[in-house]
Amino acid sequence: MKSTAGTLLFGLFSLICLTGAHPLAAPGVTSLTNSDVNYSVSTTGTALLEAGDTTIVIVDNGAGQTSLTQEHKPGYNGIAYWGHTNHKENLFVPTYAGLNYEHIHDGTLKVNQEKFEPRRDPIELRIVNLQTVELYQAPTRNWKLESCARFELLADGTIEYTFECIPHAELFSQNYIGLFWASYIHAPEKIGINLLGKAWNKDKSEPDTEAKWFYLTSPSHGVRSTHPPANYPFTINFEKGFPLTLANHPSGYIYKAPVYYGVSHNMAFVQMFREQDQIVFAQSPTGGGDQNPAWDFQWFIPEYKVGEAYGFVMRAAYFPYKNHDQVVEKAKIIMEALNNQEKN
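The sequence shown maps to residues 8 to 351 in the working numbering.
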């Protein structure tokens with residue numbers, strides 16, 4: 008699988024050859040990969056999850072109408088409402104969603120046939136238990152990518168999100184699968200995000216400086232939008248004119264810890280990932296409309312094989328904001344639990 012747009016260069020992924028196991032193999036958690044998962048299919052396409060101070064509404068990409076999501080628009084999927092007893096107004100733009108599965112692509116202009124395929128093809132909402140639901144999508148019309156996303160609301164009000172997918176055809180011409188998620192934040196006082204990282208010039212070696220926390224904004228949609236991890240093990244190429252501009256415009260910063268957060272109405276929204284999943288952060292100042300930024304992320308699966316399952320796990324938390332140190336300490340505890348799952 009070669010393309011005039013370039014080839015992928017790998018370091019970490021030589022492990023595939025050495026062990027036979029892909030480093031981004033699915034954890035085998037969702038009903039896509041685990042036949043022991045029992046579920047029922049929602050007749051409304053919505054599910055209400057509650058724990059402690061947290062209330063969440065999960066929707067498929069249908070109408071998604073509930074008493075808490077009366078303005079929701081079809082197409083947007085994931086968390087249509089996230090409220091807290093300290094701030095009951097929706098964290099997300101009411102017409103849109105958070106952790107919204109947005110794009111499938113291979114970095115070429117082929118994405119123009121349908122830029123928002125996860126929005127367009129039907130999604131089935133599967134109810135596993137009172138705290139856990141899944142959004143299943145059959146192989147999509149253009150990319151033939153089957154997927155299942157699990158949302159589990161933990162006792163502390165944190166969401167654990169597990170995404171698994173299986174490619175059913177060799178259609179990704181640059182030998183990688185590109186996927187993108189968007190969270191449209193409703194009118195925060197500050198539109199930027201906070202991450203632990205370093206300034207970085209891709210044409211030079213990494214600067215010999217200590218990582219520090221940065222508050223970052225993008226000047227406009229698709230400009231300095233993307234923040235990869237430090238020591239990213241592969242290079243992703245994009246064809247000239249690739250239209251999903253949030254995916255391929257580096258910010259000049261790399262992150263050193265797989266976590267970032269923003270503050271909205273005195274509430275912190277924190278997204279936390281496993282290092283092994285090599286998630287790339289992204290942001291837009293106006294992704295959800297004027298004064299409604301998008302705090303996003305993307306994921307690339309290199310050296311994919313048809314019929315094999317791939318996946319990642321992350322957690323998202325929403326809680327009253329006191330100060331930066333409080334957020335960092337709380338995120339540290341959550342991330343330790345997230346990463347210790349593999350060891351238990």
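For each residue, glycine too, the CB sits at the ideal point set by N, CA and C.
Residues sharing a beta bridge with residue i, DSSP
i	result
G85	V66
R157	E141 and T169
F131	The question names Phe, but residue 131 in the sequence shown is Glu. Paired residues: Y143.
W306	L186
H110	F187
W220	L203
N55	A small fix is needed here, since residue 55 is Leu in this sequence, not Asn. Note: L55 sits in a beta bridge opposite V64.
I192	F99
A323	I166 and Q278
I261	K205
7 Å CB neighbourhood of residue i in its chain, flanking five on each side removed
i	result
A33	T40, E171, A316, Y317 and G318
L178	W150 and K151
Q120	N149
G295	V100, Y103, Y191, I192 and A301
Residues of its chain near residue i, where Cβ-Cβ distance is below 6 Å and the 5 sequence neighbours each way are ignored
i	result
V118	H112
P257	T233
L55	V64
L203	A218, W220, K263 and A264
T147	E124 and D128
Y143	E131, R133 and C155
T62	G90
Selection from the options that minimises the alpha carbon distance to residue i
i	options	result
N97	E310, V335, N182 and F276	F276
W207	F326, H193, A176 and A218	A218
Q305	N201, A189 and I134	A189
I184	N273, Y311 and I130	Y311
T293	T62, G164 and Y191	Y191
T51	R133, D163 and F158	R133
P195	H94, A156 and H110	H94
K122	F187, N238 and Q298	F187
G199	Y222, T216 and H193	Y222
R157	I86, F326 and F307	I86
I341	G164, T62, T216 and F307	G164
Y325	N238, G59 and T37	G59
Spatial distance of residue i from residue j (CA atoms)
i	j	result
A344	A338	10 Å
P240	P265	15 Å
T139	L161	9 Å
Q283	L31	8 Å
H175	N68	22 Å
Y108	D332	31 Å
N273	Y328	5 Å
L75	V335	30 Å
T73	G269	27 Å
A28	E167	24 Å
V313	A323	30 Å
V100	I130	21 Å
D297	Y83	18 Å
A104	H193	10 Å
G18	A145	Residue placement at G18 is flagged as unreliable, the pLDDT there being 44, under the threshold of 50; the coordinate-derived value follows with that caveat. So the two alpha carbons sit approximately 32 Å from each other.
E57	Q285	30 Å
P278	V287	Checking the sequence shown, residue 278 turns out to be Gln, not Pro. So the two alpha carbons sit approximately 12 Å from each other.
R126	S38	20 Å
Own chain partners of residue i with C-beta closer than 8 Å, once the 5 adjacent residues on each side are dropped
i	result
S291	S225, H228, G229, S232, L253, P300, A301 and D303
L116	E246, G248, F249 and P250
Y260	L202, G204, K205, A206, W207, F221, L223 and H234
M8	No answer about M8 holds up, because its pLDDT of 29 lies below 50 and its placement is not dependable.
S47	R133 and I134
At least 3 beta-carbon pairs within less than 8 Å: the stretch 143-153 vs the stretch 73-80: no
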